[in-house]
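Novice: Residue numbers (my numbering): 263 to 463.
As structure tokens, then:
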């Protein structure tokens with residue numbers, strides 16, 4: 263599927279997309295072709311392959327219809343009428359690198375943390391728990407959604423919540439940036455702005 267045809271509404275979307283690279287390539291592919299089935303292949307130069315998962319064997323299994331389909335949940339982060347979707351995680355991060363973010367966290371409309379000072383706060387899917395969430399918490403999880411706090415000045419527990427949880431981040435001192443996965447698109451959130459994060463439909 264030629265890259266120059268991206269965004270051309272007269273072109274039929276592909277039936278499936280094969281991404282070759284790392285996790286970031288898969289995230290890019292999902293942004294370019296949301297909802298289209300993906301076959302992520304890891305680049306053998308950066309991720310050693312076992313003999314049963316070489317490119318040839320995986321592609322042969324795809325042609326024979328033997329690959330099992332897995333559905334990955336997405337998160338959505340909204341500020342006012344702006345929304346970002348993520349396969350891995352959504353973070354609210356300080357915009358000014360020399361100034362910490364001050365924010366409040368509510369879970370299902372109940373106050374969890376009155377005021378946190380730190381670099382960022384994020385929500386991760388199970389799939390995303392092995393990425394940025396893991397580097398912050400030194401842990402992963404298998405069910406639910408994870409809430410992680412990066413470089414907070416006070417000790418605060420990271421949480422694994424029910425996947426139906428609704429999280430609100432109220433920015434006291436900002437501005438902040440709302441970010442999703444490795445997307446270059448970011449939404450600026452001013453002081454007193456509120457971000458809502460939940461599982462996407």
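Note that CB positions come from ideal geometry on N, CA and C, so glycine has one too.
Please read all numbers here as calculations on a predicted model, not as lab measurements.
Taking 7 Å as the cut-off, does the CB of residue 422 come closer than this to any heavy atom belonging to the ligand ADP?
Specialist: Ligands are entirely absent from the displayed structure, and the ligand ADP is therefore not among its contents.
Novice: Quickly, what does DSSP pair residue 329 with across the bridge? List them, please.
Specialist: Locating residue 329 in the chain shown gives position 67, counting from the first residue. Its beta-bridge partners do not exist; DSSP assigns none.
Novice: Count the other CB atoms, across all protein chains shown, that sit within 10 Å of the CB of residue 363; report buried if there are 16 or more and exposed otherwise.
Specialist: Counted from its first residue, the chain shown places residue 363 at position 101. Per the 10 Å Cβ criterion, buried.
Novice: Put residue 524 into one of helix, strand or coil per three-state DSSP.
Specialist: Shown here, the chain extends from 263 to 463; a query on residue 524 therefore has no answer.
Novice: How should residue 292 be labelled, buried or exposed, when 16 other C-beta atoms within 10 angstroms of its C-beta is the threshold for buried?
Specialist: As a position in the chain shown, residue 292 is number 30, starting the count at 1. Looking at its Cβ environment, which holds 16 or more other Cβ atoms inside 10 Å, residue 292 is buried.
Novice: Using 10 angstroms around the beta-carbon of residue 467, count the other beta-carbons present and answer buried if the total reaches 16, otherwise exposed.
Specialist: Coverage of the chain is limited to positions 263 through 463, which leaves residue 467 absent and any answer about it impossible.
Novice: Please return the same chain residues whose Cβ sits closer than 8 Å to the Cβ of residue 398, not counting the five positions on each side in sequence.
Specialist: If you number the chain shown from 1, residue 398 lands on position 136. Only 384, 410, 411, 412 and 420 meet the Cβ criterion.
Novice: Give me, in chain order, the residues of the same chain whose beta-carbon lies closer than 7 Å to that of residue 263; leave out the 5 immediate sequence neighbours on both sides.
Specialist: Your numbering for residue 263 matches position 1 in the chain shown. Residue placement at residue 263 is flagged as unreliable, the pLDDT there being 45, under the threshold of 50; the coordinate-derived value follows with that caveat. Same-chain partners within the cutoff: 276.
Novice: Return the residue from the list 337, 320 and 444 that minimises the CA-CA distance to residue 330.
Specialist: The residue you call residue 330 lines up with position 68 of the chain shown. Looking from the CA of residue 330, the closest CA among 337, 320 and 444 belongs to 320.
Novice: What first and last residue would you give for the alpha helix (DSSP H) that runs through residue 289?
Specialist: As a first step, residue 289 must be located in the chain shown, where it is residue number 27. Taken as a continuous stretch (DSSP letters only), the alpha helix (DSSP H) holding residue 289 covers 285–294.
Novice: Name the DSSP beta bridge partners of residue 362, please?
Specialist: Along the chain shown, one-based indexing puts residue 362 at 100. For residue 362, which the question treats as bridged, DSSP gives no partner whatsoever.
Novice: Secondary structure at residue 458, three-state DSSP: helix, strand or coil?
Specialist: Here residue 458 corresponds to residue number 196 of the chain shown, with the count starting at 1. Residue state, collapsed to three classes: strand.
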